[in-house]
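**Q** Residue 86 in the UniProt record's numbering sits at position 86 of the sequence shown, and the numbers go up by one each step.
Ideal Cβ positions, reconstructed from N, Cα and C, are used throughout, including at glycine.
Since we're looking at a predicted model, the values are computed, not measured.
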Amino acid sequence: MAAEAEVLDELRRLRARVPQLTGALAAGVDGLVLAQDTPDVEPEQLAALTSAALGVAVRMTDATEQGDFRELLVRGVHGYVATYAAGSSAVLTLLALDQVNVGRLHLEGRRAGTRIGELVDAAARAEPAPRATASKTPAKPAAKSAAKTATAASKTAAKSATARTRTGRAAANARTTTES
């Protein structure tokens, strides 16, 4: 895939711009590695953990009504793990030393995430769609087919909105302080 080489180039340029980065990985939201420059870390394991953390982060932003996921920052004793949205189907995960300038990390990570997202999304659009097999049934008129699709989509959206409705009681049950 041509986009893989371009994504890897972007990861290497990012590591050159931020010398405190110890690794960079682009992965699909499904946890599959797209490109990586992580010399001391197993990329498949990092991609799988990124996918799991992304799932929790998306649920957290949804539950707190903060909108779509943008980024996640985790700080450990020895450094940072930062994950950024990269288009509609990928994420960028960066590993950085504790001495990194976090503002610079975010600035460069966001820019690289945007660029990688553009590359991955463009590659996904460029892939040819699977060929349809010939059918013996006549094609439906476009208007009827479009109306049927719109009806199905609205039913799905209504069902999804119902499932995601929050009750006032849920907020009241949340603990916001810790008692000693």
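Within a Cβ cutoff of 6 Å, which residues of the same chain sit near Gln36, ignoring the five residues on either side of it in sequence?
**A** Here residue 36 is taken as the residue at index 36 of the sequence shown, counted from 1. Taken in chain order, the residues that qualify are Leu25, Pro43.
**Q** Take the Cβ of Gly87 as the centre, count every other Cβ of all protein chains shown within 10 Å, and call the residue buried at 16 or more, exposed below.
**A** Position 87 of the sequence shown holds residue 87. Looking at its Cβ environment, which holds 16 or more other Cβ atoms inside 10 Å, Gly87 is buried.
**Q** Beta-carbon within less than 7 Å of Gly113's beta-carbon, same chain only, minus the 5 sequence neighbours each way: which residues are those?
**A** Residue numbering aside, residue 113 sits at position 113 when the sequence shown is read from its first letter. Cβ neighbours of Gly113 beyond the five flanking positions: Tyr84, Ala85, Ala86, Leu92.
**Q** Among Ser89, Ala53, Gly23, Val81, which has the Cα closest to the Cα of Asp40?
**A** Within the sequence shown, numbered from 1, the residue matching residue 40 stands at position 40. The shortest Cα separation from Asp40 among Ser89, Ala53, Gly23, Val81 belongs to Gly23.
**Q** Confirm, please, whether the CB-CB distance from Ala27 to Ser51 is below 8 Å.
**A** To locate residue 51, count along the sequence shown from 1; it is residue 51. To locate residue 27, count along the sequence shown from 1; it is residue 27. For Ser51 and Ala27, yes; Cβs fall inside 8 Å.
**Q** Opposite Gly79 in the DSSP bridges: which residues?
**A** For the purposes of this step, residue 79 is taken as the residue at position 79 of the sequence shown. Gly79 pairs with Gly76, Leu97.
**Q** With a cut-off of 8 Å on the beta carbons, I'd call Val7 and Leu46 a contact; round off their distance for me.
**A** As a position in the sequence shown, residue 7 is number 7, starting the count at 1. As a position in the sequence shown, residue 46 is number 46, starting the count at 1. About 15 Å separates the two Cβ atoms, so there is no contact after all.
**Q** Quick check on Gly109: buried or exposed, where buried means 16 or more other Cβ atoms within 10 Å of its Cβ?
**A** As a working mapping, residue 109 is identified with position 109 in the sequence shown. Buried, since its Cβ has 16 or more Cβ neighbours within 10 Å.
**Q** Could you give the distance in angstroms between the alpha-carbon of Arg59 and the alpha-carbon of Gly117?
**A** For the purposes of this step, residue 59 is taken as the residue at position 59 of the sequence shown. For the purposes of this step, residue 117 is taken as the residue at position 117 of the sequence shown. Between Arg59 and Gly117, the C-alpha separation is close to 21 Å.
**Q** If the criterion is Cβ atoms closer than 8 Å, does the pair residue 187 and Val18 meet it?
**A** Here the chain has residues from 1 to 180 only, and residue 187 is not among them.
**Q** Report the three-state DSSP secondary structure of Gly103 (helix, strand or coil).
**A** For the purposes of this step, residue 103 is identified with residue 103 of the sequence shown, where counting begins at 1. Three-state DSSP puts Gly103 in a helix.
**Q** Using C-beta distances below 7 Å, list every residue in its chain close to Asp30, excluding the 5 sequence neighbours before and after it, in chain order.
**A** Numbered from its first residue, the sequence shown carries residue 30 at position 30. So the list reads Ser51, once near-sequence residues are dropped.
**Q** Quick test of your reading: Glu10 and Arg115, contact by CB under 8 Å. State the CB separation rounded to the nearest angstrom.
**A** Counting from 1 along the sequence shown, the entry for residue 10 is found at position 10. Counting from 1 along the sequence shown, the entry for residue 115 is found at position 115. 6 Å between Cβ atoms; contact.
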